[in-house]
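Engineer: Just passing along the structure, written as structure tokens.
Protein chains in written order, with my numbering: chain W, 23 to 352; chain B, 23 to 352.
Below is the structure:
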């Protein structure tokens with residue numbers, strides 16, 4: 023079912039601390055150039071005191087301003103992020119507090135499907151917007167990966183960057199903008215291919231010590247994820263287009279998760295997409311977990327590569343292992 | 023907007039370890055009877071090796087069986103829980119794995135608004151079910167609070183219990199069962215009245231030590247939460263009924279969050295609800311975070327106090343501070 027929603031404003035926040043791949047090479051002790059050649063990332067940002075809620079609030083303020091609205095017009099704040107600021111309460115509540123809206127009553131909650139959190143939240147909330155439950159929601163992804171990287175695991179630690187993206191999403195006039203189709207699949211056969219085993223109820227932080235410390239850091243088997251994703255993606259993409267009159271050829275711009283440069287290139291070729299229809303921004307930001315897709319979307323618009331009326335395809339994989347796709351008319 | 027959904031199956035799992043209030047009194051070193059008099063809790067359950075995904079899967083299996091379905095009929099698994107098993111991936115993915123459905127592709131994601139997680143997920147997913155996106159979803163709340171209690175903070179530590187509840191939710195024939203109205207509000211003025219400051223990106227587990235250890239444990243100012251909730255609830259309840267032809271008097275059963283026995287009694291009186299229309303089960307389970315409301319709902323049905331066609335009002339507060347209400351025809 024088509025959902026008549028429109029992205030009416032966008033904002034982002036990048037941490038103050040800019041980190042080159044040469045700096046990352048120095049951290050892990052490889053020769054200069056290794057990180058960039060492995061990942062395609064030149065620059066990423068790491069927080070330097072900024073919290074998730076601070077970054078999320080900054081992005082949200084910019085998005086609401088961009089929409090020509092004020093927070094009086096906003097009736098829901100959702101954090102669609104793969105990381106949280108604290109175990110309790112929701113990051114969305116902390117963003118509301120940071121925005122100075124602590125007496126507003128604006129409902130706040132989090133949606134989590136790791137790198138797909140923002141896309142899953144967009145997909146789900148679109149039904150509520152279409153039905154009139156909410157008029158203007160702020161959907162934020164604010165991610166801090168830098169605190170949880172395992173610098174002993176070179177292949178994963180060099181990939182990530184921090185930052186936040188927010189969009190204001192409203193109901194659109196019928197047929198002008200909207201989600202045309204969307205689909206999600208989870209294959210937990212890959213649940214342990216990228217994980218942080220600790221930090222929840224299974225391995226409580228009180229169990230943190232020299233022996234267990236890696237349980238609290240990000241652990242990824244990149245090649246295995248890539249292999250599983252590549253196997254699943256072609257059929258998945260077909261399912262997203264099922265029931266529409268469209269095919270991948272009709273899409274103006276594919277906005278993929280920015281997992282890793284080389285993997286993105288291979289997936290692009292596997293799906294038969296030319297470079298000009300594939301938003302790849304990992305070079306300047308790294309993998310920003312669930313903020314990657316909305317940031318690439320935002321960049322596409324800023325660079326004039328995505329215009330109103332264009333058919334855009336948000337597509338990503340995440341820990342879980344999940345695949346998510348949202349086909350929308352911008 | 024009414025959403026035509028029906029709860030078609032229910033299941034639950036309680037940990038093997040049953041803990042009396044006398045045992046809790048011994049842990050905190052008070053005289054026998056103190057915990058029960060403070061909380062109204064006689065018995066709660068603590069995990070003894072069980073994980074969130076194990077408990078969630080057991081509850082889900084029972085719910086799917088109760089619905090007369092198999093997992094081939096299930097097209098979405100959502101964890102609406104205030105706690106997670108691991109930092110990455112989502113608990114829903116881990117439940118899928120535990121169910122042996124790792125190659126099924128059934129989409130899995132988490133929704134979090136602490137004690138309201140299950141209710142918020144029900145509220146949001148109802149729009150997607152109504153729109154035909156999903157036919158039969160499993161909505162699980164699986165909570166382990168026992169690992170994160172601060173035994174130096176008597177008032178909060180004695181309240182909680184572990185366990186899981188799952189329901190299968192399907193589309194109903196128009197007008198037979200459904201959500202009549204729902205509403206949510208968040209007042210982050212109360213964001214730090216109940217929290218776990220650590221475990222996320224702000225205070226990473228690597229910072230765990232003797233000095234910081236309380237940051238990784240549940241911290242609650244019960245009287246302040248109660249005061250704020252009591253102030254907000256009457257107006258909130260009015261808003262849930264706005265636009266319906268119903269009032270609180272038309273509700274067959276109020277199913278509240280099981281926050282604490284004495285607080286529940288005071289709120290019940292403030293709202294002018296008689297005991298027979300108020301599902302209070304905290305005595306036998308403690309506060310089970312977001313599993314409390316679905317468990318009280320389940321108990322109401324098992325005890326014959328809630329019947330098909332009854333108007334049921336799910337109502338709770340959560341860390342955030344959020345208030346949520348779902349008015350439904352069962």
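Where is the CB? At the ideal position from N, CA and C, for every residue including glycine.
#1: Straight-line CA distance for residue 93 of chain W to residue 99 of chain W?
#2: What does residue 87 of chain B reach in chain W if we use C-beta pairs closer than 8 Å?
#3: Over the uninterrupted alpha helix (DSSP H) stretch that includes residue 272 of chain B, give me the two end residues.
#4: Output, in sequence order along the chain, the residues in the segment 124–145 of chain B whose CB is closer than 7 Å to any CB in chain W.
#5: At what residues does the beta strand (DSSP E) containing residue 68 of chain W begin and finish?
#6: Can you grab the Cα-Cα spacing for the pair residue 263 of chain B / residue 336 of chain B, in whole Å?
#7: Below 8 Å on the Cβ atoms is my guess for residue 112 of chain B versus residue 168 of chain W; work out the distance and round it to an integer in Å.
#8: Tell me which same chain residues have a C-beta within less than 7 Å of the C-beta of residue 66 of chain B, skipping the five on either side of it?
#9: Considering only residues of the segment 56–101 of chain B, which uninterrupted beta strand (DSSP E) runs meet the minimum length of 3 residues and lie entirely inside it, listed in chain order?
#10: Listed in chain order, which residues of the segment 194–224 of chain W have Cβ atoms closer than 9 Å to some Cβ of chain B?
#11: Between residue 310 of chain B and chain W, is there a C-beta pair that is closer than 9 Å?
#12: Hey, does residue 69 of chain W have any beta-carbon neighbour from chain B nearer than 9 Å?
#13: Hey, is the segment 203–216 of chain B in contact with the segment 200–212 of chain W, meaning 3+ C-beta pairs nearer than 8 Å?
#14: Let's see if you can read the secondary structure: which residues bound the alpha helix (DSSP H) around residue 40 of chain W?
#15: Taking Cβ-Cβ distances shorter than 8 Å, what residues in chain B pair up with residue 108 of chain W?
#16: Compare the C-beta of residue 169 of chain W against all C-beta atoms of chain B and say whether one is closer than 9 Å.
#17: What first and last residue would you give for the beta strand (DSSP E) that runs through residue 186 of chain W?
#18: Using the rule of at least 16 other Cβ atoms within 10 Å of the residue's Cβ for burial, across every protein chain shown, is residue 55 of chain W buried or exposed?
#19: Can you look up residue 24 of chain W in the DSSP assignment and give me helix, strand or coil?
#20: Going straight from the alpha carbon of residue 242 of chain B to that of residue 199 of chain B, what length do you get?
#21: Inspect the beta-carbon positions of residue 286 of chain W and residue 328 of chain W and report whether they are closer than 9 Å.
#22: Could you tell me the alpha carbon to alpha carbon distance between residue 28 of chain W and residue 238 of chain W, rounded to whole angstroms?
#23: For the putative contact between residue 31 of chain B and residue 97 of chain B, defined by C-beta atoms under 8 Å, what is the C-beta separation to the nearest angstrom?
#24: Should residue 430 of chain B be flagged as near chain W, meaning a C-beta pair shorter than 9 Å?
#25: Give the residues from the segment 321–352 of chain W that approach chain B closer than 9 Å (Cβ to any Cβ), ordered along the chain.
#26: For residue 172 of chain B, which residues of its own chain have a beta-carbon under 7 Å away from its beta-carbon, when the five flanking residues on both sides are left out?
#27: Beta carbon of residue 312 of chain W, beta carbon of residue 69 of chain W: below 9 Å?
#28: Where DSSP assigns a beta bridge to residue 31 of chain W, which residues make up the other side?
#29: Are at least three pairs of beta-carbons, each pair with one atom in the segment 72–89 of chain W and one in the segment 125–132 of chain W, less than 8 Å apart?
#30: Relative to the C-alpha of residue 122 of chain B, which candidate in W:104, W:281, W:143, W:213 has its C-alpha closest?
#31: List the DSSP bridge partners of residue 177 of chain B.
#32: Between the segment 59–84 of chain B and chain W, which residues of the former have a C-beta closer than 9 Å to a C-beta of the latter?
#33: Expressed to the nearest angstrom, what Euclidean distance is found between the alpha-carbon atoms of residue 77 of chain B and residue 316 of chain B?
#34: Taking 9 Å as the CB-CB limit, is residue 285 of chain W close to chain B?
#35: Apart from the five residues on each side of it in sequence, which residues of its chain come closer than 7 Å, Cβ to Cβ, to residue 194 of chain B?
#36: Would you please verify whether the beta carbon of residue 149 of chain B is less than 9 Å from any beta carbon of chain W?
Structural biologist: Judging by the given coordinates:
#1: By 1-based counting over the first chain, the position of residue 93 of chain W is 71. By 1-based counting over the first chain, the position of residue 99 of chain W is 77. Their backbone Cα atoms lie some 10 Å apart in a straight line.
#2: Here residue 87 of chain B corresponds to residue number 65 of the second chain, with the count starting at 1. Chain W residues near residue 87 of chain B: none, gap ~21 Å exceeds 8 Å.
#3: Here the question's residue 272 of chain B lines up with position 250 in the second chain. Taken as a continuous stretch (DSSP letters only), residue 272 of chain B belongs to no alpha helix (DSSP H), as it is neither H nor E.
#4: 124, 125, 127, 128, 129, 130, 131, 132, 133, 134, 135, 136, 142
#5: Sequence index remark: in the first chain, residue 68 of chain W carries index 46 (1-based). Counting along the chain, the beta strand (DSSP E) containing residue 68 of chain W begins and ends at 65–68.
#6: Numbered from 1 along the second chain, position 241 holds the residue referred to as residue 263 of chain B. Numbered from 1 along the second chain, position 314 holds the residue referred to as residue 336 of chain B. Distance between the alpha carbons of residue 263 of chain B and residue 336 of chain B: 12 Å.
#7: Sequence index remark: in the second chain, residue 112 of chain B carries index 90 (1-based). Sequence index remark: in the first chain, residue 168 of chain W carries index 146 (1-based). Actually they do not touch by this definition, with Cβ atoms about 22 Å apart.
#8: Position 44 of the second chain holds residue 66 of chain B. So the qualifying residues of the chain are 41, 182, 183, 307, 308.
#9: 65–68
#10: 204, 205, 206, 207, 208, 209, 210, 211, 212, 213, 214, 216, 217, 218, 219, 220, 221, 222, 223, 224
#11: Numbered from its first residue, the second chain carries residue 310 of chain B at position 288. Judged by the 9 Å Cβ criterion, residue 310 of chain B is not in contact with chain W.
#12: Start at 1 with the first residue of the first chain, and residue 69 of chain W comes out as number 47. With 9 Å as the cut-off, residue 69 of chain W counts as an interface residue toward chain B.
#13: no
#14: Counted from its first residue, the first chain places residue 40 of chain W at position 18. Premise fails: residue 40 of chain W lies in the beta strand (DSSP E), 39–42, not in any alpha helix (DSSP H).
#15: Taking the first chain and counting its residues from 1, the one referred to as residue 108 of chain W is at position 86. The answer, in chain order, is 217, 218, 219, 220, 221, 222, 224, 225.
#16: Working through the first chain from its first residue, we reach residue 169 of chain W at position 147. Yes, residue 169 of chain W counts as interfacial toward chain B.
#17: Locating residue 186 of chain W in the first chain gives position 164, counting from the first residue. Unbroken beta strand (DSSP E) run through residue 186 of chain W: 185–193.
#18: In the first chain, residue 55 of chain W corresponds to position 33, counting from 1. Burial call: exposed.
#19: Working through the first chain from its first residue, we reach residue 24 of chain W at position 2. Three-state result, residue 24 of chain W: coil.
#20: Taking the first residue of the second chain as 1, we reach residue 242 of chain B at position 220. Taking the first residue of the second chain as 1, we reach residue 199 of chain B at position 177. So the alpha carbons of these two residues sit roughly 37 Å apart.
#21: One-based indexing of the first chain puts residue 286 of chain W at position 264. One-based indexing of the first chain puts residue 328 of chain W at position 306. Not in contact: residue 286 of chain W and residue 328 of chain W (Cβ atoms no closer than 9 Å).
#22: Reading the first chain from its first residue, position 6 is the one you call residue 28 of chain W. Reading the first chain from its first residue, position 216 is the one you call residue 238 of chain W. Residue 28 of chain W and residue 238 of chain W: Cα-Cα distance of roughly 39 Å.
#23: Residue 31 of chain B sits at position 9 when you count from the first residue of the second chain. Residue 97 of chain B sits at position 75 when you count from the first residue of the second chain. Actually they are not in contact, since the Cβ atoms of residue 31 of chain B and residue 97 of chain B sit about 14 Å apart, beyond 8 Å.
#24: Only positions 23 to 352 of chain B appear in this structure, which leaves residue 430 of chain B out of reach.
#25: 340, 341, 342, 343, 344, 345, 346
#26: Locating residue 172 of chain B in the second chain gives position 150, counting from the first residue. Contacts found: 178, 179, 236, 239, 240, 241.
#27: Mapped onto the first chain, residue 312 of chain W falls at position 290. Mapped onto the first chain, residue 69 of chain W falls at position 47. Contact flag unset, no.
#28: Within the first chain, the letter at position 9 stands for residue 31 of chain W. W:190.
#29: no
#30: Residue numbering aside, residue 122 of chain B sits at position 100 when the second chain is read from its first letter. The shortest C-alpha separation from residue 122 of chain B is found at W:213.
#31: Here residue 177 of chain B refers to the residue found at position 155 of the second chain. DSSP lists no partner for residue 177 of chain B.
#32: 69, 73, 74, 75
#33: Stepping through the second chain from its first residue, residue 77 of chain B is reached at position 55. Stepping through the second chain from its first residue, residue 316 of chain B is reached at position 294. When rounded, the distance between both Cα atoms is 15 Å.
#34: Taking the first chain and counting its residues from 1, the one referred to as residue 285 of chain W is at position 263. For residue 285 of chain W, the answer is no, since every Cβ of chain B falls outside 9 Å of its Cβ.
#35: Reading the second chain from its first residue, position 172 is the one you call residue 194 of chain B. Result list for residue 194 of chain B: 26, 27, 28, 200, in chain order.
#36: Along the second chain, one-based indexing puts residue 149 of chain B at 127. True, the Cβ-Cβ gap to chain W drops below 9 Å.
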